[in-house]
DNA sequence: TAAAAAATTAGACACTGTTCAATTTCACCG
DNA sequence: CGGTGAAATTGAACAGTGTCTAATTTTTTA
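Protein chains in written order, with the numbering used here: chain B, 8 to 207; chain E, 8 to 207.
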């Protein structure tokens, strides 16, 4: 039974999210349970509801964390690549994170905000960091492109890679007899960038 | 209270799926309920379980129907287009169906088969019909491409459009400040096809 | 018509998220 | 130091969910 003195508010929040990350990784979004999270940290469900409002709030916090880990993972991938190889490293890193964190990655896209819930700022920020990393690399290989156009292309390429990654993890590609989702994504990205004047 | 004489097996199955389609369209996958379906047709939940094994079986049947409607919708789009415009009509039709059937379209990708459930044949067939329609059009604009390569490109372009469509409906593009998801998808498809020698 | 088989149901079960009154804990202040 | 008020935490209740099973009803078969 959790005691107030055991954890300050922020500590408790972090404790819940950490346990939530575990449950999400193990069970996936479909079987995620706030009660299971409560059980693991020795608090009651009510406390979680009190801290996060409802289960959606907790899932949002978990997904924001996932975005953060993902962004860090991409930065690590980039740190080892130079020149035109950076784009390829980015796509590879995108896939690698998703495959290494299937349930958590999927949860980002499986969870839908309740209609009455406005976009939580922390989630938007974490997401923006990720897209920012990618957009910067796209802009770098398109030096002659107006910034707005480069941003649009970046967003479109994120959607492109997402589609491939999503099909790969969900088994859609497997049904079609495709095994090299990453290779296909790399090709599409390269083609689009070349069409916009990139030298790859 | 449903009586056996009221509906033969196939009729009952169709009755359940039809009601299921309604519930899915109204409530979406997250709030889909087999009990609600049972209530609407005047049978008990047990009957649905008896007919479809479990709720996943019913969702699979609903999603297979959705694939069928979607395929028919694409064929209708194609019937009005000629030449290079056919590809654009296909992408437009892809988006149009998803937007006009948000919850049902999303349910296709939100539902995950239980690990112990093998891919149901009817679902695979319905899906193959859809991808077949698209693959044929891609192959038609790539006359010099080996069949296998054209198929790979088709699958990749489906994933590309899916990514854009998914981001559009989930609001991801909106967060990034992008409003023309369809236009972006059209551009990426055209670029990839041109890179493979298509004359668009 | 009687017996066997199949369909259907009601009810129980173990879950879920949410809510709320009651309790416990804490910080503050006289 | 003791008391008071506010905040945190809980347990219990509630309305849902999918799944399962024993009992019942209906149909088919013999």
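Just so it is clear, CB atoms sit at the ideal spot from N, CA and C, and this is done for glycine as well.
Do residue 170 of chain E and residue 166 of chain B count as a contact pair if the criterion is CB distance below 8 Å?
For the purposes of this step, residue 166 of chain B is identified with residue 159 of the first chain, where counting begins at 1. For the purposes of this step, residue 170 of chain E is identified with residue 163 of the second chain, where counting begins at 1. Yes; because the gap between Cβ atoms is below 8 Å, this pair is in contact.
Chain B beta carbons: is any one of them nearer than 8 Å to that of residue 191 of chain E?
Counting from 1 along the second chain, the entry for residue 191 of chain E is found at position 184. With 8 Å as the cut-off, residue 191 of chain E counts as an interface residue toward chain B.
Distance check for residue 148 of chain B and residue 193 of chain E, CA to CA, integer angstroms please.
Here residue 193 of chain E corresponds to residue number 186 of the second chain, with the count starting at 1. Here residue 148 of chain B corresponds to residue number 141 of the first chain, with the count starting at 1. Going from the Cα of residue 193 of chain E to the Cα of residue 148 of chain B covers about 22 Å.
In chain B, which residues lie with their C-beta within 9 Å of the C-beta of residue 208 of chain E?
This structure cannot speak to residue 208 of chain E, because chain E is shown only from 8 to 207.
Interface residues of chain B facing residue 101 of chain E [CB-CB closer than 8 Å]:
The residue you call residue 101 of chain E lines up with position 94 of the second chain. Here the premise fails: no neighbours, minimum Cβ distance about 12 Å.
Tell me the start and end of each unbroken beta strand (DSSP E) in the stretch 163-191 of chain E that is at least 3 residues and wholly inside, in chain order.
none
Using only CA atoms, which one of B/35, B/93, B/189, B/160 lies nearest to residue 207 of chain B?
Start at 1 with the first residue of the first chain, and residue 207 of chain B comes out as number 200. Closest option to residue 207 of chain B, Cα to Cα, is B/93.
For the stretch 136-166 of chain B, which residues have a beta carbon sitting closer than 7 Å to at least one beta carbon of chain E?
138, 159, 162, 163, 166
DSSP three-state assignment for residue 87 of chain E, whether helix, strand or coil
Working through the second chain from its first residue, we reach residue 87 of chain E at position 80. Correct three-state label for residue 87 of chain E: coil.
Thinking C-alpha only, which one of E/82, E/65, E/121 is nearest residue 103 of chain E?
Counting from 1 along the second chain, the entry for residue 103 of chain E is found at position 96. Among E/82, E/65, E/121, the Cα nearest to that of residue 103 of chain E belongs to E/82.
With a cut-off of 8 Å, does the C-beta of residue 3 of chain B fall near any C-beta of chain E?
Since the first residue shown for chain B is 8 and the last is 207, residue 3 of chain B is missing from the structure and cannot be characterised.
I'd like the span of the alpha helix (DSSP H) that includes residue 139 of chain B, first residue to last.
For the purposes of this step, residue 139 of chain B is taken as residue 132 along the first chain, with counting starting at 1. First-last of the alpha helix (DSSP H) with residue 139 of chain B: 128-148.
Minimum C-alpha distance to residue 121 of chain B - residue among E/19, E/35, E/14, E/23:
Counted from its first residue, the first chain places residue 121 of chain B at position 114. The shortest Cα separation from residue 121 of chain B among E/19, E/35, E/14, E/23 belongs to E/35.
Alpha-carbon spacing of residue 190 of chain E relative to residue 157 of chain E, whole angstroms
Numbered from its first residue, the second chain carries residue 190 of chain E at position 183. Numbered from its first residue, the second chain carries residue 157 of chain E at position 150. Cα-Cα distance, rounded: 23 Å.
What's the call for residue 69 of chain B, buried or exposed, on a 16-neighbour Cβ count within 10 Å?
By one-based count along the first chain, residue 69 of chain B stands at place 62. So residue 69 of chain B ends up on the buried side.
Where residue 119 of chain E meets chain B, residues with beta-carbon distance less than 7 Å:
To locate residue 119 of chain E, count along the second chain from 1; it is residue 112. Chain B residues near residue 119 of chain E: 37.
Whose C-alpha, out of E/145, E/99, E/187, E/136, is nearest the C-alpha of residue 71 of chain E?
One-based indexing of the second chain puts residue 71 of chain E at position 64. It is E/136 whose Cα lies nearest to the Cα of residue 71 of chain E.
Using only alpha-carbon positions, find the residue among E/164, E/172, E/85, E/168 that is nearest to residue 203 of chain E.
Counting from one through the second chain, the residue named residue 203 of chain E turns up at place 196. Nearest option by C-alpha distance: E/164.
Would a C-beta distance cut-off of 8 Å place residue 110 of chain B and residue 177 of chain B closer than the cut-off?
Here the question's residue 110 of chain B lines up with position 103 in the first chain. Here the question's residue 177 of chain B lines up with position 170 in the first chain. No, Cβ-Cβ distance for residue 110 of chain B and residue 177 of chain B is not below 8 Å.
Evaluate residue 86 of chain B with the Cβ neighbour count: other Cβ atoms within 10 Å of its Cβ, from every protein chain shown; 16 or more gives buried, anything less gives exposed.
Position 79 of the first chain holds residue 86 of chain B. With fewer than 16 other Cβ atoms within 10 Å, it is exposed.
Nearest to residue 155 of chain E by alpha carbon, out of B/129, B/183, B/60?
In the second chain, counting from the first residue as 1, residue 155 of chain E sits at position 148. The shortest Cα separation from residue 155 of chain E among B/129, B/183, B/60 belongs to B/183.
Which listed residue (B/144, B/62, B/162, B/105) has its alpha carbon closest to that of residue 88 of chain B
As a working mapping, residue 88 of chain B is identified with position 81 in the first chain. Taking only the C-alpha atoms, the option nearest residue 88 of chain B is B/144.
Since residue 162 of chain B contacts residue 185 of chain E with CB under 8 Å, what's their CB separation in whole angstroms?
The residue given as residue 162 of chain B occupies position 155 in the first chain. The residue given as residue 185 of chain E occupies position 178 in the second chain. Correct: roughly 5 Å between the Cβ atoms.
Give the secondary structure of residue 152 of chain B by DSSP, where H, G and I count as helix, E and B as strand, and everything else as coil.
Indexing the first chain from 1 puts residue 152 of chain B at position 145. Here residue 152 of chain B sits in coil by DSSP.
With H, G and I counted as helix, E and B as strand and the rest as coil, what does DSSP make of residue 27 of chain E?
Stepping through the second chain from its first residue, residue 27 of chain E is reached at position 20. Note: residue 27 of chain E maps to helix in three-state DSSP.
Check the Cβ of residue 106 of chain B against every Cβ in chain E and list those closer than 9 Å, keeping chain order.
Taking the first residue of the first chain as 1, we reach residue 106 of chain B at position 99. Result: empty, since nearest Cβ-Cβ is about 16 Å, beyond 9 Å.
Is there a C-beta anywhere in chain B that falls below 8 Å from the one on residue 170 of chain E?
The sequence position of residue 170 of chain E within the second chain is 163, counting from 1. True, the Cβ-Cβ gap to chain B drops below 8 Å.
Spatial neighbours of residue 195 of chain B within its chain, please: C-beta separation below 6 Å, excluding the five flanking residues on both sides.
Locating residue 195 of chain B in the first chain gives position 188, where the first residue counts as 1. Correct list, in chain order: 167.
Can you tell me whether residue 8 of chain E is buried or exposed, with buried defined as 16 or more other CB within 10 angstroms of its CB?
The residue given as residue 8 of chain E occupies position 1 in the second chain. Bear in mind that a pLDDT of 44 at residue 8 of chain E, under 50, signals an unreliable position, so the number given afterwards is only what the model happens to contain. By the 10 Å Cβ count, residue 8 of chain E comes out exposed.
Residues within the stretch 85-100 of chain E neighbouring chain B, beta-carbon criterion of under 7 Å:
none
At 7 Å on the CB atoms, spell out the chain B contacts of residue 40 of chain E, in chain order.
Here residue 40 of chain E corresponds to residue number 33 of the second chain, with the count starting at 1. Ordered by position in chain B, no residue passes the 7 Å Cβ test against residue 40 of chain E, which lies about 15 Å from the chain.
Based on Cα-Cα distance, which residue from B/160, B/173, B/205, B/180 lies nearest to residue 187 of chain E?
Translated into the one-based positions of the second chain, residue 187 of chain E becomes position 180. Nearest option by C-alpha distance: B/160.
Taking Cβ positions only, does residue 199 of chain E come closer than 8 Å to chain B?
In the second chain, residue 199 of chain E corresponds to position 192, counting from 1. So, interface residue.
Secondary structure at residue 120 of chain B, three-state DSSP: helix, strand or coil?
Working through the first chain from its first residue, we reach residue 120 of chain B at position 113. In this structure, residue 120 of chain B counts as coil in the three-state DSSP scheme.
To the nearest angstrom, how far is the alpha carbon of residue 112 of chain E from that of residue 17 of chain B?
Taking the first residue of the second chain as 1, we reach residue 112 of chain E at position 105. Taking the first residue of the first chain as 1, we reach residue 17 of chain B at position 10. About 40 Å.
Residue 1 of chain E to residue 84 of chain B span [Cα, whole Å]
Residue 1 of chain E lies beyond the residue range present for chain E, which begins at 8 and ends at 207; the question has no answer from this structure.
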